[in-house]
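> First, the structure itself, so that you have it in front of you.
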Amino acid sequence: VRSFSFCGQEPFVADEYIERLAWRTPGGGSRGGEAFDPKRLLEEFVNHIQELQVMDERIQRKVEKLEQQCQKEAKEFAKKVQELQKSNQVAFQHFQELDEHISYVATKVCHLGDQLEGVNTPRQRAVEAQKLMKYFNEFLDGELKSDVFTNSEKIKEAADIIQKLHLIAQELPFDSLMGFCCYPLSSAGKYHDLECQLIQEFTSAQRRGEISRMREVAAVLLHFKGYSHCVDVYIKQCQEGAFLRNDVFEDAAILCQRVNKQVGEIFSNPETVLAKLIQNIFEVKLQSYVKDQLEEHRKSDAEQYLKNLYDLYTRTANLSSKLMEFNLGTDKQTFLSKLIKAIFISYLENYIEVEIGYLKSRSAMILQRYYDSKNHQKRSIGTGGIQDLKERLRQRTNLPLGPSIDTHGETFLSQEVVVNLLQETKQAFERCHRLSDPSDLPKNAFRIFSMLVEFLCTEHIDYALETGLAGIPSSDSKNANLYFLDVVHQANTIFHLFDKQFNDHLMPLISSSPKLSECLQKKKDIIEQMEVKLDMGIDTLNCMIGQMKHILAAEQKKTDFKPEDENNVLIQYTNACVKVCGYVRKQVEKIRNSMDGKNVDTVLMEFGVRFHRLIYEHLQQYSYSCMGGMLAICDVAEYRKCAKDFKIALVLQLFDTLHALCNLLVVAPDNLKQVCSGEQLANLDKNILHSFVQLRVDYRSARLARHFS
1 VRSFSFCGQE PFVADEYIER LAWRTPGGGS RGGEAFDPKR LLEEFVNHIQ
51 ELQVMDERIQ RKVEKLEQQC QKEAKEFAKK VQELQKSNQV AFQHFQELDE
101 HISYVATKVC HLGDQLEGVN TPRQRAVEAQ KLMKYFNEFL DGELKSDVFT
151 NSEKIKEAAD IIQKLHLIAQ ELPFDSLMGF CCYPLSSAGK YHDLECQLIQ
201 EFTSAQRRGE ISRMREVAAV LLHFKGYSHC VDVYIKQCQE GAFLRNDVFE
251 DAAILCQRVN KQVGEIFSNP ETVLAKLIQN IFEVKLQSYV KDQLEEHRKS
301 DAEQYLKNLY DLYTRTANLS SKLMEFNLGT DKQTFLSKLI KAIFISYLEN
351 YIEVEIGYLK SRSAMILQRY YDSKNHQKRS IGTGGIQDLK ERLRQRTNLP
401 LGPSIDTHGE TFLSQEVVVN LLQETKQAFE RCHRLSDPSD LPKNAFRIFS
451 MLVEFLCTEH IDYALETGLA GIPSSDSKNA NLYFLDVVHQ ANTIFHLFDK
501 QFNDHLMPLI SSSPKLSECL QKKKDIIEQM EVKLDMGIDT LNCMIGQMKH
551 ILAAEQKKTD FKPEDENNVL IQYTNACVKV CGYVRKQVEK IRNSMDGKNV
601 DTVLMEFGVR FHRLIYEHLQ QYSYSCMGGM LAICDVAEYR KCAKDFKIAL
651 VLQLFDTLHA LCNLLVVAPD NLKQVCSGEQ LANLDKNILH SFVQLRVDYR
701 SARLARHFS
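Each residue of the sequence shown is one higher than the one before, starting from 1 at the first, in the working numbering.
Right, here's the structure in full:
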């Protein structure tokens with residue numbers, strides 16, 4: 001079944017067409033109530049097929065006719081296109097001929113124009129020469145009658161004429177007649193008068209704010225010698241009333257910003273004029289202002305002088321940064337740098353000497369003021385190097401250093417002093433960074449660092465450590481105050497501040513120079529020297545042990561471990577144990593607060609080992625009954641709790657073993673061998689075990705001696 005459509009009609013569907021044909025045919029069976037007549041329907045179909053065949057033939061003939069017509073028109077169109085192409089070629093050829101003709105005519109016209117110009121140029125020059133001669137005659141007669149000289153509105157034309165006559169007069173020798181006659185046109189004549197008149201006109205226009213008139217006059221003066229004077233007048237008048245506030249730098253920036261917008265509308269070379277204005281501001285206004293501010297304090301007040309120098313140089317550099325936005329020529333960076341250098345060169349040449357001198361006197365004053373407030377007279381300290389300190393540490397024979405002194409609990413370290421010294425040095429580093437020449441910056445920074453080392457590390461921290469070492473009491477002193485740990489704590493805190501300033505303020509100044517290694521080595525030597533002295537101060541532990549000995553001697557009684565009434569013991573541990581543990585806990589806390597890092601563990605380990613040795617030797621001095629042995633075990637258990645605060649495995653292990661040894665004081669004789677072969681006592685020397693068993697009051701009984709042997 002085919003489906004197609006004619007142009008502008010619905011698509012043709014064969015099934016629907018046949019249905020409509022059957023419906024219209026009587027007897028087709030499509031209408032309700034009619035009988036179906038196949039013959040009649042067949043007849044209708046046959047007739048209709050014939051009609052369609054006739055229609056098809058008619059349409060086919062029409063199509064053939066249209067195809068023939070289309071082919072005919074196509075041939076005619078192709079022929080017409082060929083004719084148009086030929087016409088186009090002829091027209092293109094005519095165009096080329098016309099173009100050649102036009103070029104020929106243009107060449108002739110140009111040649112004719114050159115000839116006319118060759119004739120007209122000398123003529124114009126002759127006319128101009130004639131006019132100049134006419135004006136020249138007027139100058140010779142002394143009467144200027146021409147309108148160009150008498151009319152003030154034609155000052156521009158008059159200036160052009162006088163400029164040309166002046167150039168002619170300049171070329172003529174004065175001793176000639178013509179040169180003498182031209183003298184009125186020289187600098188003392190009309191030329192100078194007109195120049196002054198133009199400058200006066202420019203000045204008046206500037207005061208009235210007439211930019212266009214200023215531009216006209218400036219253009220005329222451009223060819224006169226007085227053009228630079230015109231620029232000077234403009235610069236001078238620009239600054240009138242511009243510096244009325246106290247901030248000359250802000251005034252200068254505002255002035256340059258305003259002139260930068262205006263100068264391009266007036267002068268043909270605005271960058272040169274603006275640069276000259278800036279140069280004038282720097283060399284006159286700023287230089288005078290800087291001199292007044294600095295010379296006042298240069299010899300009388302070094303602190304104020306350095307502050308002013310840093311502030312003025314910084315503000316000048318900031319002004320220079322703002323001026324970099326303007327067009328000042330090719331190398332404006334160099335131009336502005338030279339202007340700044342010209343202002344400050346006399347002050348920067350000896351800056352570092354002033355800085356070091358001030359820093360030295362200021363630091364010494366800060367320290368002296370502190371010691372005076374403590375009513376303390378500084379004593380001389382050892383000046384030996386690190387090797388000498390290490391030798392003293394090795395021998396341990398020079399401690400305390402010289403006669404022991406009483407510091408009355410004073411550490412001679414002050415955070416206020418340290419903050420003041422670091423603040424002064426920080427400001428010095430900032431000034432050094434700003435004011436030093438880049439080639440001298442690392443060297444100058446190192447000198448400032450050396451001052452900090454001298455006064456903070458040597459004169460303050462090192463002196464306090466030496467004084468603290470000298471104040472360490474002997475181990476047999478009673479009620480000794482151990483202030484050296486306070487010194488260590490404060491020295492540690494201070495050195496962290498010193499190290500922070502080293503990294504934050506010194507390192508950026510020397511990081512890319514050979515001075516870096518020198519500074520790092522100096523810092524390393526300082527740290528090593530202080531660590532050696534701190535290590536020497538470990539003898540403080542002897543004083544702690546001495547204090548504990550005094551507590552044990554005063555509080556521990558022989559009856560504590562051999563009570564008269566074995567059945568009436570009401571205490572859990574002895575009073576001596578309580579006081580010793582309280583003292584030890586305070587010292588452990590003090591050590592932790594005074595030190596940091598690995599130093600804490602090192603000192604606590606040494607203290608813990610000595611603490612264990614003291615208790616071990618102390619227990620060896622007594623005899624123990626059964627109940628007394630139980631009390632000794634309770635004491636050691638308390639000591640072991642105290643040892644846990646050390647958080648050192650070795651110390652806790654020592655007290656665990658001591659606790660196991662104390663079990664030998666109370667264990668039944670039959671179980672002695674079993675206890676001695678236990679995990680904690682199996683590796684101990686038999687003499688140690690025997691020494692503890694001998695402390696039992698029942699040791700001399702034959703039964704106990706037999707079991708232990």
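From the three backbone atoms N, C-alpha and C, an ideal C-beta is built for every residue, glycine too.
Remember, it's a predicted structure, so these values are computed and weren't measured experimentally.
Please confirm whether Q501 and K579 have their CB atoms less than 8 Å apart.
No, the Cβ-Cβ distance between Q501 and K579 is not below 8 Å.
> Going by beta carbon distance, what residues of the same chain come within less than 6 Å of K647, once the five residues before and after it are set aside?
Here the set comprises nothing.
> Can you tell which of H618, N663, R215 has its C-alpha closest to the C-alpha of I633?
Closest option to I633, Cα to Cα, is N663.
> By DSSP, does F455 sit in helix, in strand, or in coil?
Residue state, collapsed to three classes: helix.
> M536: buried (16+ other C-beta within 10 angstroms of its C-beta) or exposed?
Looking at its Cβ environment, which holds 16 or more other Cβ atoms inside 10 Å, M536 is buried.
> Classify N260 as buried or exposed, calling it buried when 16 or more other Cβ atoms lie within 10 Å of its own Cβ.
That one is buried.
> Quick check: the stretch 685-700 against the stretch 622-630, are at least 3 beta-carbon pairs closer than 8 Å?
As far as the Cβ criterion goes, the stretch 622-630 touches the stretch 685-700, which means the pair count is three or higher.
> Taking the C-alpha atoms as reference points, what is the distance between A78 and L84?
Rounded to the nearest angstrom, the two C-alpha atoms are 10 Å apart.
> Per the DSSP calculation, Y624 is bridged to which residue(s)?
BP columns for Y624 point to R696.
> Kindly indicate which residue of S320, L359, N599, E283 has the alpha-carbon position closest to the one of L336.
The shortest C-alpha separation from L336 is found at S320.
> Could you check how far apart the C-beta atoms of L672 and L681 are, in whole angstroms? I think they sit under 8 Å.
About 11 Å separates the two Cβ atoms, so there is no contact after all.
> Can you name, in chain order, every residue of its own chain whose Cβ lies under 8 Å from the Cβ of D596, other than the five neighbours on each side?
Cβ neighbours of D596 beyond the five flanking positions: N492.
> Let me know if Q490 comes out buried or exposed under the rule of 16 or more other beta-carbons within 10 Å of its beta-carbon.
Looking at its Cβ environment, which holds 16 or more other Cβ atoms inside 10 Å, Q490 is buried.
> So L614 and L497 are in contact, right, with Cβ under 8 Å, and what is the actual spacing, rounded?
The Cβ separation is near 37 Å, so there is no contact.
> Evaluate contact between the stretch 502-522 and the stretch 616-623, counting only Cβ atoms and requiring at least three cross-stretch pairs below 8 Å.
No, the stretch 502-522 is not in contact with the stretch 616-623.
> Rounded to whole angstroms, what is the Cα-Cα separation between E461 and S380?
Position check: residue 461 holds Ile in this sequence, whereas Glu was assumed. Cα to Cα, the separation comes out at about 14 Å.
> Nearest to P514 by CA position, among D645, E454, N444, is which residue?
Ranking D645, E454, N444 by Cα distance to P514 puts N444 first.
> By Cβ distance, which residues of its chain are closer than 8 Å to E518, with the 5 residues on each side in sequence left out?
Excluding positions up to five away in sequence, the list reads F446.
> With DSSP as the reference, label P38 as helix, strand or coil.
Three-state DSSP puts P38 in a helix.
> Taking 8 Å as the threshold, find out whether the stretch 577-593 comes into contact with the stretch 520-527 through three or more Cβ pairs.
Output reads no: the stretch 520-527 does not touch the stretch 577-593.
> On a Cα-Cα basis, can you pick out the residue from N542, P563, L541, N575 that is closest to Q556?
Minimum Cα distance to Q556 is reached at N575.
> Between the C-alpha atoms of D244 and M214, what's the straight-line distance to the nearest angstrom?
The identity of residue 244 in the sequence shown is Leu, whereas the question assumes Asp. The straight-line gap from Cα to Cα measures roughly 26 Å.
> Pull up the distance between the alpha-carbon of R392 and that of Y358, whole angstroms please.
Confidence at R392 is low in this model, with a pLDDT of 49, below 50, so its placement is unreliable and the value that follows should be read with caution. The alpha-carbon atoms of R392 and Y358 are separated by roughly 37 Å.
> Could you tell me which whole alpha helix (DSSP H) segments of length 4 or greater appear in the stretch 501-541?
Runs of the alpha helix (DSSP H) inside the stretch 501-541: 507-510, 515-536.
> Just verifying my parser: in three-state terms, what is the DSSP assignment at M605?
M605 falls in the helix class under three-state DSSP.
> Since H355 and C432 are thought to touch, with beta carbons under 8 Å apart, how far apart are those beta carbons, to the nearest angstrom?
Checking the sequence, you will find Glu at residue 355 rather than His. That belief holds up - the Cβ atoms of E355 and C432 are roughly 7 Å apart, short of 8 Å.
> Looking only at C-alpha atoms, which of L21, E57, E51, R58 sits nearest to L41?
Of the listed residues, the one whose Cα sits closest to L41 is L21.
> Thinking V248 and Y305 are a contact (beta carbons under 8 Å), I'd like their distance in whole angstroms, please.
Not quite, the Cβ-Cβ distance comes to about 19 Å (not below 8 Å), so this is no contact.
> Within a Cβ cutoff of 8 Å, which residues of the same chain sit near D251, ignoring the five residues on either side of it in sequence?
The residues are A242, F243, L244, R245.
> Report the rounded CA-to-CA distance for T330 versus E303, giving the unit in angstroms.
Approximately 40 Å between the Cα atoms of the pair.
> Pick helix, strand or coil for H433, following the three-state DSSP scheme.
Note: H433 maps to helix in three-state DSSP.
> Identify which residue in P38, V600, D635 has its Cα closest to the Cα of F561.
The candidate whose alpha carbon is nearest that of F561 is D635.
> Three or more C-beta pairs under 8 Å: does that hold for the stretch 262-272 against the stretch 306-317?
At 8 Å Cβ cutoff, the stretches do not touch.
> For V417, count neighbouring C-beta atoms within 10 Å of its own C-beta (all shown protein chains included) and say buried if the count is 16 or more, exposed if not.
Under this definition V417 is a buried residue.
> Which value, in whole angstroms, describes the spacing of the CA atoms of L534 and L465?
Taking the straight line joining both Cα atoms gives about 8 Å.
> Measure how close the beta-carbons of K374 and E410 come, nearest whole angstrom, since I'm counting them as under 8 Å.
Indeed they touch by this definition, with Cβ atoms about 6 Å apart.
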